[in-house]
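Each remark here refers to the structure printed beneath this line.
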Amino acid sequence: MINVVCGIIYKGDRIFIARRKAGKSMAGKWEFPGGKVERGESEEMALKRELLEELGMLVTVKNKLGSNVHAYKDFKINLVAYKCDFVNASFKLTDHDRFEWVTPKELLNYDLTAADIPLVELFV
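Just so it is clear: in the sequence shown, position 117 is 117 by the UniProt record's numbering, and no numbers are missing.
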């Protein structure tokens, strides 16, 4: 099983989501950004590193919201979500082609990755 962290990133009452770009697994799907936890890293450290690498984004990691184990066709992940406050970003998109700031209710209108869908229930 792969340990993955994601950020539920708030700016005011809006939440950041990003769409996976063509050529990536799950291309065209929207997600709460994050990535794999590397050996020797805490979940919080991994989340900050991944957001900086993939989006040029700085956040303040607040608290763990919950987790979801999801089995995709070829792999299984344990996805842990953290509430984060947005600090700033260059919004360099390496793994994504679009991003949006949405209200919690608007999340239901986006084609989210299967692992992210159960996380929406934590705050909608």
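All C-beta atoms in this analysis are idealised placements derived from N, C-alpha and C, irrespective of residue type, glycine included.
Can you check whether the CB of Ala46 is closer than 8 Å to the CB of Gly66? As a working mapping, residue 66 is identified with position 66 in the sequence shown. As a working mapping, residue 46 is identified with position 46 in the sequence shown. Going by C-beta atoms, Gly66 is not nearer than 8 Å to Ala46.
Let me know if Arg39 comes out buried or exposed under the rule of 16 or more other beta-carbons within 10 Å of its beta-carbon. Within the sequence shown, numbered from 1, the residue matching residue 39 stands at position 39. Residue burial is scored here from C-beta neighbours: Arg39 has fewer than 16 other C-beta atoms within 10 angstroms and is therefore classed as exposed.
Is Val37 near Leu58, with beta carbons less than 8 Å apart? Sequence index remark: in the sequence shown, residue 37 carries index 37 (1-based). Sequence index remark: in the sequence shown, residue 58 carries index 58 (1-based). Judged by beta-carbon spacing, Leu58 lies beyond the 8 Å limit of Val37, meaning their Cβ atoms are not closer than that value.
Which whole-angstrom value is the C-beta distance of residue 177 and Trp101, which I expect to be below 8 Å? Outside the modelled stretch of the chain, which goes from 1 to 124, sits residue 177, for which no answer is possible.
Measure the C-alpha to C-alpha separation of Ile2 and Tyr72 and round it to an integer number of angstroms. Position 2 of the sequence shown, counted from the first residue, corresponds to residue 2. Position 72 of the sequence shown, counted from the first residue, corresponds to residue 72. The C-alpha of Tyr72 is placed about 11 Å away from the C-alpha of Ile2.
Taking the C-alpha atoms as reference points, what is the distance between Leu122 and Leu112? For the purposes of this step, residue 122 is identified with residue 122 of the sequence shown, where counting begins at 1. For the purposes of this step, residue 112 is identified with residue 112 of the sequence shown, where counting begins at 1. When rounded, the distance between both Cα atoms is 15 Å.
Buried/exposed call for Asn68, threshold 16 Cβ in 10 Å: Indexing the sequence shown from 1 puts residue 68 at position 68. That one is buried.
Nonlocal neighbours in the same chain, by C-beta distance under 7 Å from Arg14, ignoring five residues either side: Against the sequence shown, residue 14 aligns to sequence position 14. Around Arg14: Trp101, Val102, Thr103.
Output yes or no for whether 8 Å exceeds the beta carbon distance between Leu79 and Ala115. Along the sequence shown, one-based indexing puts residue 79 at 79. Along the sequence shown, one-based indexing puts residue 115 at 115. Yes, the pair counts as a contact, with Cβ atoms nearer than the cut-off.
Span of the alpha helix (DSSP H) around Val120: As a working note, residue 120 is residue 120 in the sequence shown. It spans 117–120 - the alpha helix (DSSP H) in which Val120 sits, taken as one unbroken run.
With a threshold of 8 Å between beta-carbons, can Lys62 be considered close to chain C, or not? Included in the structure is just one protein chain, with no chain C present.
Between the CA atoms of Glu50 and Glu41 - distance to the nearest angstrom: On the sequence shown, residue 41 is found 41 positions in, with the first residue counted as 1. On the sequence shown, residue 50 is found 50 positions in, with the first residue counted as 1. The straight-line gap from Cα to Cα measures roughly 12 Å.
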